[in-house]
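Novice: Take any residue in the sequence shown, note its place counting from 1, add 250, and you have its number in the working numbering. Below is a structure I'd like to ask you about.
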Amino acid sequence: MDDLARLAALYGVATTYQPAEDVTVRVPEATVAAVLRQLGADTGTAESVRADLAVAEHDAAYRLLPRVLVWWAGSRAPVELGALPPGTRIGLEPEGGRMTEAATGLAWASTEPPGAFAGLPGAATGLAGEPPLGVHRLHAEAPDGRRATATLIVAPDRAPAAPERAHGLLVQLYSLLSERSWGMGDLGDLAELASWAGRVHGAGFVQVNPLHAAVPGTPTDPSPYRPSSRRFPDPVHLRIEDVPECADSPDRAALAELAERGGELRREVLEKGALIDRDAVWSLKRAALELLYAVPRSPEREAAYGNFRAEQGAELDRHAVWCAAHAGEDPETRADFHRWLVWLTDTQLVAAQRAAKEAGMAVGIVHDLAVGVHPGGSDVRGSEHYAEGVCVGAPPDAFNARGQDWGLPPWRPDRLAATGYEPFRALLRGVFRYAGALRIDHVMGLFRLWWIPEGAPPAEGAYVSYDGEAMLALLVLEAHRAGALVIGEDLGTVQPGVRQALARRGVLGTSVLWFERDWGGDGEPLEAERWRADCLATATTHDLPPTAAKLAGSHVELRDRLGLLTRPLERERAEDAADTARWLDVLEDLGLDTKGEEAAVRALYGFLLRTPARLVGVWLPDAVGDRRPQNLPGTWDQYPNWRLPVADAEGRPLTLEALAASPRANVLLSAVRDGVRTRTAPPGARVV
């Protein structure tokens with residue numbers, strides 16, 4: 251192995267990757283060198299590579315402890331502790347603990363007798379048994395004078411367990427407009443959808459798109475997966491009328507006028523076929539919120555706001571300052587307005603989860619954590635935790651021969667580890683505040699990400715490893731503290747062992763019907779009983795055609811019109827029709843009715859109910875026959891991604907109220923509800 255490859259191995263940079271099981275591709279040397287430079291290595295000359303390699307190998311050989319250790323509750327102590335030299339003194343500084351001694355604040359103890367770590371949890375560690383759950387600091391001093399301080403993550407063995415069986419809805423919130431919406435779906439609509447789905451159809455959850463803060467601009471990037479901040483939500487989702495200060499505002503006439511203009515935006519979308527205009531919605535809401543900000547808050551509200559500010563600390567301040575500066579305002583005088591907006595949004599998010607639970611939902615709102623953030627957003631600006639000069643994406647695979655560049659800067663794994671993963675912990679705590687479950691987009695990113703150097707095509711990237719066990723332990727710990735489920739989006743190319751590691755820790759996977767085939771055998775549709783149980787099973791996603799479009803083949807025609815096909819139309823059409831027909835054959839063999847589009851859609855969801863999947867998700871547009879995808883990968887301005895309202899089979903936009911009254915929607919959701927009850931009822935029980 252040459253010096254550059256050895257250095258790359260020490261930094262966790264892969265020099266090869268496997269797009270298929272029997273194919274290995276070598277990463278260009280220029281890519282390896284560029285990625286290493288973003289991690290702090292000097293790869294300018296052969297001499298500098300050798301010098302950095304010597305330092306890195308010395309550090310690896312003589313390091314007393316790694317920066318981060320993981321101790322799974324009920325398991326043995328980390329093996330790294332057992333490998334410490336005899337006579338090493340160690341001490342634990344617990345999470346939130348105070349210094350008890352003036353010199354060190356630690357209760358030191360010896361690691362002797364050596365080798366005792368192979369025994370019971372906590373044996374011979376100098377700790378009083380197994381440490382409590384939390385993120386602690388571990389200090390060690392060896393007899394030869396070497397010292398080390400490490401982060402010790404003590405996490406539950408598994409994340410909170412999913413219900414025995416539950417079904418729910420999947421929806422892009424902006425696309426769901428009620429008769430009260432100001433041109434796009436809001437958090438009041440989310441609460442109302444959850445109440446209806448829970449009370450009428452026994453749904454256990456509603457999953458939404460990421461509600462992270464967007465990057466303001468004209469036009470704003472509508473993608474919820476490229477936010478300014480994943481740490482804080484976007485106030486564009488607020489329902490203005492639910493802000494308590496509305497009742498006391500002296501500007502009621504002005505607020506009423508803004509509400510009427512919001513109604514005009516809604517009617518433009520629902521009645522005239524206009525696209526959802528996030529910028530126009532925010533312009534009206536921003537004007538209303540400026541009026542409400544001037545209204546004196548009650549002592550109780552002021553105290554709650556003060557507590558929120560104290561809890562969120564410097565990160566909230568930094569985000570608010572960025573928002574003010576990005577809007578061209580004076581941060582010193584305007585930052586508090588933006589802090590207040592975050593607080594308002596947080597309160598309505600909490601209220602939506604409360605409404606879901608009050609409606610009887612076992613889980614409630616499932617929030618979505620995007621894989622990254624915009625390079626110019628508030629999370630990145632002023633932060634040392636992100637790598638510069640690279641973007642995250644995906645290598646070439648069977649579905650995209652050119653690879654993908656998502657335009658998102660990655661976290662630097664070395665700097666995350668140096669802080670005990672504090673940015674990741676803060677991110678999780680923030681989202682778990684109001685989530686019954688958290689979906690992790692591209693959950694494989696906990697273990698590795700595809701880094702693409704600036705100016706290079708997506709195919710010329712390299713995988714960079716992260717401490718997957720540490721990040722997984724923190725995810726499980728914060729989920730445990732919140733009492734929330736975790737769902738990993740693990741579609742596509744997955745590193746060997748990752749799905750097993752996630753399942754072992756109680757993280758549910760994602761299984762999409764059209765992709766579930768016997769890939770290790772004949773490639774036929776996977777029998778229902780062979781699906782994994784620990785997953786969210788769905789018929790489609792926001793990046794795939796709605797089920798009605800798949801059944802009709804209209805998604806192939808759409809891609810042809812937009813010039814996205816890489817093969818002749820007739821061949822694409824024939825292969826897609828054959829794929830659909832094979833699934834319909836499976837359904838008919840099971841005795842499910844597939845005659846007609848509505849029946850076929852119900853049959854596909856009926857198949858999902860025959861799997862052991864703990865969670866079954868219904869894509870809300872499927873309930874009314876909508877054929878338009880919310881996002882068409884590979885397009886930008888050719889297709890209105892992230893700007894379409896939910897519509898019926900004829901493409902007519904529907905309000906939440908119309909959807910709730912739709913016979914087609916109620917038949918499908920009632921069938922799913924009854925199927926869930928049948929599958930979970932004990933033998934001999936009567937299903938009502």
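Ideal Cβ positions, reconstructed from N, Cα and C, are used throughout, including at glycine.
Compare the beta carbon distance of Q954 and G695 with 7 Å and say whether it is the shorter of the two.
Specialist: No answer is possible for residue 954: it lies beyond the span of the chain, which begins at 251 and ends at 938.
Novice: Do W532 and V486 come within 7 Å of each other at the CB atom, strictly closer than that value?
Specialist: Position 236 of the sequence shown, counting from 1, holds the residue named residue 486. Position 282 of the sequence shown, counting from 1, holds the residue named residue 532. In contact: V486 and W532 (Cβ atoms closer than 7 Å).
Novice: The beta strand (DSSP E) that contains Q268, what's its start and end?
Specialist: In the sequence shown, counting from the first residue as 1, residue 268 sits at position 18. Note, Q268: beta strand (DSSP E), 266 to 270.
Novice: For D618, does the three-state DSSP call read helix, strand or coil?
Specialist: Position 368 of the sequence shown, counting from 1, holds the residue named residue 618. D618: strand per DSSP, three-state reduction.
Novice: Taking the runs of the alpha helix (DSSP H) that are 4 residues or longer, which of them lie wholly in the stretch 621 to 697?
Specialist: Those alpha helix (DSSP H) runs which fall completely within the stretch 621 to 697 and span 4+ residues are 663 to 668, 672 to 682.
Novice: Does DSSP put Q457 in a helix, in a strand, or in coil?
Specialist: Numbered from its first residue, the sequence shown carries residue 457 at position 207. Looking at Q457 - three-state DSSP - the assignment turns out to be strand.
Novice: List the DSSP bridge partners of Y713.
Specialist: As a position in the sequence shown, residue 713 is number 463, starting the count at 1. Bridge partners of Y713: W700.
Novice: If contacts are defined as beta-carbon pairs under 8 Å, then A712 and V277 qualify, I think. What distance do you get, rounded to the angstrom?
Specialist: In the sequence shown, counting from the first residue as 1, residue 712 sits at position 462. In the sequence shown, counting from the first residue as 1, residue 277 sits at position 27. Confirmed, Cβ separation roughly 5 Å.
Novice: Just the C-alpha distance for A732 and L461, rounded to the nearest angstrom, thanks.
Specialist: Looking up residue 732 in the sequence shown gives position 482. Looking up residue 461 in the sequence shown gives position 211. Looking at the two C-alpha atoms, the distance is approximately 19 Å.
Novice: Check each candidate in P818, G686, G705 and name the one with the smallest Cα separation from D655.
Specialist: Here residue 655 is taken as the residue at index 405 of the sequence shown, counted from 1. The residue among P818, G686, G705 with its C-alpha nearest the C-alpha of D655 is G705.
Novice: For a test of the three-state rule: what should DSSP assign to T583, helix, strand or coil?
Specialist: As a first step, residue 583 must be located in the sequence shown, where it is residue number 333. The DSSP-derived three-state label of T583 is helix.
Novice: Under a Cβ-count criterion, where at least 16 other Cβ atoms within 10 Å of its own Cβ denotes burial, should D629 be classed as buried or exposed?
Specialist: Here residue 629 corresponds to residue number 379 of the sequence shown, with the count starting at 1. So D629 counts as buried.
Novice: So what does DSSP say about I526, is it helix, strand or coil?
Specialist: Counting from 1 along the sequence shown, the entry for residue 526 is found at position 276. It is coil, neither helix nor strand.
Novice: Report the rounded CA-to-CA distance for R547 versus G556, giving the unit in angstroms.
Specialist: The residue labelled residue 547 in the question sits at position 297 within the sequence shown. The residue labelled residue 556 in the question sits at position 306 within the sequence shown. Between R547 and G556, the C-alpha separation is close to 11 Å.
Novice: Any idea what DSSP makes of S325, helix, strand or coil?
Specialist: Counting from 1 along the sequence shown, the entry for residue 325 is found at position 75. S325: coil per DSSP, three-state reduction.
Novice: Leaving aside the five residues before and after S920 along the sequence, list all residues of the same chain whose C-beta is less than 8 Å from its C-beta, in chain order.
Specialist: Along the sequence shown, read from residue 1 onward, the residue named residue 920 stands at position 670. For S920, where only same-chain residues beyond five positions count, the Cβ hits under 8 Å are H451.
Novice: For E822 versus L815, is the C-beta spacing smaller than 7 Å?
Specialist: Working through the sequence shown from its first residue, we reach residue 822 at position 572. Working through the sequence shown from its first residue, we reach residue 815 at position 565. Yes. Within cutoff.
Novice: Check whether the stretch 788 to 797 and the stretch 878 to 893 are in contact - that is, three or more C-beta pairs closer than 8 Å.
Specialist: yes
Novice: Are T760 and D647 touching if we call contact CB-CB under 7 Å?
Specialist: To locate residue 760, count along the sequence shown from 1; it is residue 510. To locate residue 647, count along the sequence shown from 1; it is residue 397. No. Outside cutoff.
Novice: Can we say the stretch 510 to 520 touches the stretch 422 to 441, given the rule of at least three CB pairs closer than 8 Å?
Specialist: With a cut-off of 8 Å, the stretch 422 to 441 and the stretch 510 to 520 count as touching, because enough Cβ pairs lie within range.
Novice: How would you write the range of the alpha helix (DSSP H) that W572 sits in, first residue to last?
Specialist: By one-based count along the sequence shown, residue 572 stands at place 322. Start and end: 549 to 576.
Novice: If you pair each beta-carbon of the stretch 884 to 903 with each one of the stretch 519 to 526, do three or more pairs fall below 8 Å?
Specialist: yes
Novice: Starting from S479, trace the alpha helix (DSSP H) in both directions and tell me its first and last residue.
Specialist: The sequence position of residue 479 within the sequence shown is 229, counting from 1. That residue, S479, is in no alpha helix (DSSP H); its beta strand (DSSP E) goes 479 to 483.
Novice: Could you tell me how far apart the beta carbons of G680 and S478 are, in whole angstroms, since I believe they sit closer than 8 Å?
Specialist: Counting from 1 along the sequence shown, the entry for residue 680 is found at position 430. Counting from 1 along the sequence shown, the entry for residue 478 is found at position 228. Contact between G680 and S478 does not hold, since their C-beta atoms are separated by about 14 Å, which reaches or exceeds 8 Å.
Novice: Which residue spans inside the stretch 827 to 906 form an unbroken beta strand (DSSP E) run of at least 3?
Specialist: 865 to 869
Novice: Starting from the C-beta of V592, find all residues in its chain whose C-beta is less than 6 Å away, skip the five residues before and the five after it, and write them out in chain order.
Specialist: In the sequence shown, counting from the first residue as 1, residue 592 sits at position 342. These residues qualify, in order along the chain: F482.
Novice: What first and last residue would you give for the beta strand (DSSP E) that runs through A497?
Specialist: Counting from one through the sequence shown, the residue named residue 497 turns up at place 247. Where A497 is concerned, there is no enclosing beta strand (DSSP E), given that its DSSP letter is neither H nor E.
Novice: Is the stretch 317 to 333 close to the stretch 713 to 723, with three or more CB pairs under 8 Å?
Specialist: yes
Novice: Let me check one thing: in DSSP terms, what residues is L419 bridge-paired to?
Specialist: Residue numbering aside, residue 419 sits at position 169 when the sequence shown is read from its first letter. Answer is V456, V868.
Novice: Mind checking whether P689 and I737 have CB atoms under 7 Å apart?
Specialist: Walking along the sequence shown from the start, residue 689 turns up at place 439. Walking along the sequence shown from the start, residue 737 turns up at place 487. A small correction: the amino acid at residue 689 is Arg; Pro does not occupy that position in the sequence shown. Yes, Cβ-Cβ distance for R689 and I737 is below 7 Å.
Novice: Going by C-alpha to C-alpha distance, which of D898, A497, E380, G384 sits closest to P344?
Specialist: Taking the first residue of the sequence shown as position 1, residue 344 is located at position 94. When only C-alpha atoms are compared, the closest one is G384.
Novice: For the candidate residues Q888, T928, P871, whose alpha-carbon lies nearest to that of P903?
Specialist: For this step, residue 903 is matched to residue 653 along the sequence shown. Measuring from the Cα of P903, the nearest candidate turns out to be P871.
Novice: Who pairs with L735 in a beta bridge, going by DSSP?
Specialist: Position 485 of the sequence shown, counted from the start, is the residue given in the question as residue 735. The partner list for L735 (beta bridge, DSSP) reads A687.
Novice: Only counting the same chain, and skipping five residues up and downstream in sequence, which positions put a Cβ closer than 8 Å to that of S445?
Specialist: Translated into positions along the sequence shown, residue 445 becomes position 195. Closer than 8 Å at Cβ, skipping near neighbours: A605, A606, E608, A609.
Novice: Just tell me which of E900, P269, D292 has its CA closest to the CA of L220.
Specialist: Examination of residue 220 is not possible in this model, given that the chain is present from 251 through 938 alone.
Novice: Given a cut-off of 7 Å, decide if E710 and T338 are closer than it, judged by their beta-carbon atoms.
Specialist: Position 88 of the sequence shown, counted from the start, is the residue given in the question as residue 338. Position 460 of the sequence shown, counted from the start, is the residue given in the question as residue 710. No, Cβ-Cβ distance for T338 and E710 is not below 7 Å.
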